[in-house]
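In order, the protein sequences belong to chains H and D.
Taking our numbering, I'd label the letters of the first sequence as residues 193 to 598.
Taking our numbering, I'd label the letters of the second sequence as residues 193 to 598.
A short write-up of the structure that comes next.
Protein chains: 2
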Amino acid sequence: MKTPILLNASEAEVIRALRKTRNVSRTDIAEITGWSKAKTSQAVNSLVEKGYLVDVEEGASQGGRKPRILRFNRDMGYIMGVDLGATSIDIALADIDGNVLQRICEPADVRNKPEDVLGRCCTLINELVQLQGCQVAEVLGIGVGVSGPVDFHRGVLVAPPLMPHWENFDIRSFFQQTLPNAYVIVDNDVNVMALGEQRYGDAIGLDHFLFVKIGTGIGSGIISNGKIHRGANGCAGDIGHICVDKQGPICHCGNRGCLEAMAAGPAIVQNALEAVKHGESPFMRHIMEINDDILTPEQVSAACREGDEAALRIIRNSGQMIGDVLAGLVNFFNPSQIFIGGGISNFGNHLLVSIRRAVLHRSLPLATTHLQINFSKTGSDAGIRGVIALALEYLFVDEDKPYLTV
Amino acid sequence: MKTPILLNASEAEVIRALRKTRNVSRTDIAEITGWSKAKTSQAVNSLVEKGYLVDVEEGASQGGRKPRILRFNRDMGYIMGVDLGATSIDIALADIDGNVLQRICEPADVRNKPEDVLGRCCTLINELVQLQGCQVAEVLGIGVGVSGPVDFHRGVLVAPPLMPHWENFDIRSFFQQTLPNAYVIVDNDVNVMALGEQRYGDAIGLDHFLFVKIGTGIGSGIISNGKIHRGANGCAGDIGHICVDKQGPICHCGNRGCLEAMAAGPAIVQNALEAVKHGESPFMRHIMEINDDILTPEQVSAACREGDEAALRIIRNSGQMIGDVLAGLVNFFNPSQIFIGGGISNFGNHLLVSIRRAVLHRSLPLATTHLQINFSKTGSDAGIRGVIALALEYLFVDEDKPYLTV
Numbered sequence: 193m194k195t196p197i198l199l200n201a202s203e204a205e206v207i208r209a210l211r212k213t214r215n216v217s218r219t220d221i222a223e224i225t226g227w228s229k230a231k232t233s234q235a236v237n238s239l240v241e242k243g244y245l246v247d248v249e250e251g252a253s254q255g256g257r258k259p260r261i262l263r264f265n266r267d268m269g270y271i272m273g274v275d276l277g278a279t280s281i282d283i284a285l286a287d288i289d290g291n292v293l294q295r296i297c298e299p300a301d302v303r304n305k306p307e308d309v310l311g312r313c314c315t316l317i318n319e320l321v322q323l324q325g326c327q328v329a330e331v332l333g334i335g336v337g338v339s340g341p342v343d344f345h346r347g348v349l350v351a352p353p354l355m356p357h358w359e360n361f362d363i364r365s366f367f368q369q370t371l372p373n374a375y376v377i378v379d380n381d382v383n384v385m386a387l388g389e390q391r392y393g394d395a396i397g398l399d400h401f402l403f404v405k406i407g408t409g410i411g412s413g414i415i416s417n418g419k420i421h422r423g424a425n426g427c428a429g430d431i432g433h434i435c436v437d438k439q440g441p442i443c444h445c446g447n448r449g450c451l452e453a454m455a456a457g458p459a460i461v462q463n464a465l466e467a468v469k470h471g472e473s474p475f476m477r478h479i480m481e482i483n484d485d486i487l488t489p490e491q492v493s494a495a496c497r498e499g500d501e502a503a504l505r506i507i508r509n510s511g512q513m514i515g516d517v518l519a520g521l522v523n524f525f526n527p528s529q530i531f532i533g534g535g536i537s538n539f540g541n542h543l544l545v546s547i548r549r550a551v552l553h554r555s556l557p558l559a560t561t562h563l564q565i566n567f568s569k570t571g572s573d574a575g576i577r578g579v580i581a582l583a584l585e586y587l588f589v590d591e592d593k594p595y596l597t598v
Numbered sequence: 193m194k195t196p197i198l199l200n201a202s203e204a205e206v207i208r209a210l211r212k213t214r215n216v217s218r219t220d221i222a223e224i225t226g227w228s229k230a231k232t233s234q235a236v237n238s239l240v241e242k243g244y245l246v247d248v249e250e251g252a253s254q255g256g257r258k259p260r261i262l263r264f265n266r267d268m269g270y271i272m273g274v275d276l277g278a279t280s281i282d283i284a285l286a287d288i289d290g291n292v293l294q295r296i297c298e299p300a301d302v303r304n305k306p307e308d309v310l311g312r313c314c315t316l317i318n319e320l321v322q323l324q325g326c327q328v329a330e331v332l333g334i335g336v337g338v339s340g341p342v343d344f345h346r347g348v349l350v351a352p353p354l355m356p357h358w359e360n361f362d363i364r365s366f367f368q369q370t371l372p373n374a375y376v377i378v379d380n381d382v383n384v385m386a387l388g389e390q391r392y393g394d395a396i397g398l399d400h401f402l403f404v405k406i407g408t409g410i411g412s413g414i415i416s417n418g419k420i421h422r423g424a425n426g427c428a429g430d431i432g433h434i435c436v437d438k439q440g441p442i443c444h445c446g447n448r449g450c451l452e453a454m455a456a457g458p459a460i461v462q463n464a465l466e467a468v469k470h471g472e473s474p475f476m477r478h479i480m481e482i483n484d485d486i487l488t489p490e491q492v493s494a495a496c497r498e499g500d501e502a503a504l505r506i507i508r509n510s511g512q513m514i515g516d517v518l519a520g521l522v523n524f525f526n527p528s529q530i531f532i533g534g535g536i537s538n539f540g541n542h543l544l545v546s547i548r549r550a551v552l553h554r555s556l557p558l559a560t561t562h563l564q565i566n567f568s569k570t571g572s573d574a575g576i577r578g579v580i581a582l583a584l585e586y587l588f589v590d591e592d593k594p595y596l597t598v
């Protein structure tokens, strides 16, 4: 199996500085690391000589010579990202700075066998490489996000409720066949979204935050002390099965009243169908009549935007339940921000306001004074940006800490 | 203000290896770090020359020369630990390996002014130094644990509910006057207990675990990726105000049905008094009669041990509520272990069994398969061992990362 590029401690520190703050000069790096000019030069020169970095004249001149800015060497090769949603494949080819060059999204069903789904991914990878006019051998790293608990070191899914066929399937080896020179790294999809937000979104520089994905299910990615917190078994962040109501409906996990069973997309639709049945929403009844009796979460959201009271009540209720659970987690974890993403995050302000209100009502003042709760602006790109960030993160690793966690 | 001892990156790595695994040889360090023999020797020799480490002939011989074991140099000086509980001061003088040499515990009321409480601490510090026959100038570091949210970098309490007079009081400067050569470091009491468990208890080598303190209040210390997670405002772990019952009694925080208000020591007593009032516990009524109508949590526990059904029901209820909250946190955080400490941890198996049952019932299988929930064996020593560990942890810091978090 391909391994990452090993660096010594000082070189690794330079790469970390470069990842955190774009457009850095040697002087900036000396400042960030606290090193002498000589030590900084030695580490930077070594990375330039190895062909990993280039320095270019790009900074704004402050009188005198223009400062030289350090960049990753784009001639090194490419990065691939694969974000496997429950119902979609999102694949992108990126340059070594993480800029997306080619991208394909298509529907998929991850409940199928891994050989089939990943086989399709490899076909798409070849298409992307062809579109870009490069070679598979030039792809240096690939990050893969999957919906389920991941044993991060082995790169396999463990007891994934959504994808039973994938249990222990060797995803890394599978991709290695198509991308012989790429280091393959696999992680949970919400962890990856948190990483995308941290590297390219509004969480740059944040040490403690949560990314909450609300869609068919509800999950969260956790950043603690600047790093992804995966937990002892890789399943940290699984907030969808926290109990909201001990007398609530039975969840597919077997327990009663799980947050996911009461507040996620399918529950919103279920509650809306009940409202229609009880004649509480002529608007949604009409939508159903012109759509073969089908109602989607997006249509409930549209009804809410049109002022339908039943839809508004249902969405507010969902927000309140999600907020009640997050309130407890805010007390426990004390994040500086919570980013909301996933399909339901298009539901607009009614959902967000209910979430915020519940959190502010129940959490302690010190934990909420500076707390911000917002929709992720990275939105539907958080996943794909995240898998690219993941691949870049592990492209270079410190030779002294080969298992360095992001 | 005194600063910690600065080390270069390699020296700092050796110190970390030494803290993690006692009794290490140079060969062990080379193995742990993955360094060459030469690089290891250079870093170790530098630390020996500076007088921070000594190597002694102590390892078991495997034929041939006895391996030489590295140790901290005990002649360097001493470490002080101050654990301020709500109602007690616990102070200890330790050697550079963290072994307690002298210790004094006495009752105190932290609601008093900080000058008074800390003034008393300084008197006790001088007594300990005298008992040991050393000088205050020989104390190199002091760790202080306080009951409340701590701004870790500034070393002050922020909005402490229990100790309003302490808000923003400069604890570090106060101790600096008595201990001129000591680096002073202040942290929340439960964070410190978690650190004590990690350094000297059953959590050695654990990367993700919780320490839950149950007494007058309920709080938790969180270790993520091997480090204390303090959160954005230093108040992470405050689980006492997570909602258990929206219709529950009003808590001193102003909200209804907080875990602390329903399951901690005072609530147990309150419920027991109700039971006595309703004639449900002749045993506890008798205890009250011979104790001036006073009932303590310990007496409820004693009643439970004697088979009193009301006391048993009350304690089981508390365990169930604590377990329900922990179940959610297990899903979210995925710890490998939960250690229970604090006054109530002497309550025995009925409490522990109820907590375990509630967690197993509500958490997801992957998160609970290997999860262990036990009373902390470090028990009442977790706090004092923790503050000593904290002081030791920050005695040496990496010059490149002066704000390295534990």
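Note that beta-carbon positions come from the ideal geometry of N, C-alpha and C, so glycine has one too.
Using a CB distance cut-off of 8 angstroms, Ser-528 of chain D counts as an interface residue toward chain H. Pairing Leu-582 of chain H with Gly-335 of chain H gives a Cβ-Cβ distance under 8 angstroms. At a C-beta separation below 8 angstroms, Lys-212 of chain H has no neighbours in chain D, since its nearest C-beta there lies roughly 14 angstroms away. Taking the CA atoms as reference points, Ser-280 of chain H sits about 11 angstroms from Val-338 of chain H. Under the three-state reduction of DSSP, Tyr-375 of chain H is assigned to strand. In this structure, DSSP gives Val-206 of chain D a helical state, which the three-state scheme calls helix.
Shortest Cα-Cα distance from Ile-506 of chain D to any of D:Gly-471, D:His-542, D:Arg-477 involves D:His-542.
For Asn-447 of chain H, the neighbours in chain D by C-beta distance under 7 angstroms run, in chain order, Arg-554.
For Phe-531 of chain D, there are no neighbours in chain H by C-beta distance under 7 angstroms, as the nearest C-beta there is about 14 angstroms away. Separation of Leu-316 of chain D and Asp-394 of chain H (C-alpha to C-alpha, rounded to the nearest whole angstrom) is 49 angstroms.
Taking a Cβ-Cβ threshold of 9 angstroms, the residues of chain H close to Cys-427 of chain D are Asn-523, Asn-526, Leu-556, Leu-558, Ala-559, in chain order.
For His-433 of chain H, the residues of chain D that pass the 7 angstroms Cβ criterion are Asn-523, Leu-556, in the order they occur in the chain. At a cut-off of 8 angstroms between C-beta atoms, Lys-419 of chain H counts as an interface residue with respect to chain D. DSSP lists no bridge partner for Pro-489 of chain D.
Under the three-state reduction of DSSP output, Val-348 of chain H falls in the strand class. Shown in chain order are the members of the segment 498-524 of chain H whose Cβ falls below 8 angstroms from a Cβ of chain D: Asp-516, Val-517, Ala-519, Gly-520, Leu-521, Asn-523, Phe-524.
Here Met-272 of chain D carries a strand assignment [DSSP, helix/strand/coil]. A straight line joining the alpha-carbon of Ile-221 of chain H with that of Leu-387 of chain H spans about 23 angstroms. Comparing alpha-carbon positions, the option among H:Val-492, H:Val-246, H:Arg-260, H:Ala-284 lying closest to Met-268 of chain H turns out to be H:Val-246.
Only residues of its own chain outside the window of five on either side were considered, and among them Pro-196, Gly-333, Tyr-375, Ile-377 have a CB closer than 7 angstroms to the CB of Tyr-586 of chain D, listed in chain order. Listed along chain H are Gly-423, Ala-424, each with a C-beta nearer than 7 angstroms to that of His-400 of chain D.
Take the alpha-carbon of Glu-466 of chain D and the one of Val-384 of chain D: they are about 36 angstroms apart. The three-state secondary structure of Asn-566 of chain D, taken from DSSP, is strand. Within the same chain, and ignoring the five residues on either side of Leu-323 of chain D in sequence, the residues whose Cβ sits closer than 6 angstroms to its Cβ are Gln-294. For Ala-286 of chain H, the enclosing beta strand (DSSP E) stretches over residues 280-286. Against chain D, the beta carbon of Ser-233 of chain H has no neighbour under 9 angstroms; the closest one sits roughly 16 angstroms away.
When the five nearest sequence neighbours on each side are left out, the beta carbons in the same chain lying within less than 8 angstroms of the beta carbon of Gln-234 of chain H are those of Ser-202, in order along the chain. In the displayed model, Gln-529 of chain D falls within a strand according to three-state DSSP. DSSP lists H:Ile-281 as the beta-bridge partner residues of Glu-298 of chain H. For Asp-430 of chain D, a Cβ of chain H is located within less than 8 angstroms of the residue's own Cβ.
Apart from sequence neighbours up to five positions away, the residues of its chain that approach Ser-416 of chain H with a beta-carbon distance below 7 angstroms are His-400, ordered along the chain.
Put simply, the CB of His-562 of chain D is near chain H, with a gap under 8 angstroms to one of its CB atoms. Rounded to the nearest angstrom, the gap between the Cα atoms of Gly-340 of chain H and Ala-278 of chain H is 10 angstroms. Boundaries for Asp-220 of chain H: no beta strand (DSSP E) harbours it, while the alpha helix (DSSP H) harbouring it runs 218-225, taken from the DSSP string. Bridge partners of Lys-405 of chain D according to DSSP: D:Gly-411, D:Gly-533.
Here the C-alpha atom of Cys-297 of chain D lies approximately 6 angstroms from the C-alpha atom of Ile-283 of chain D.
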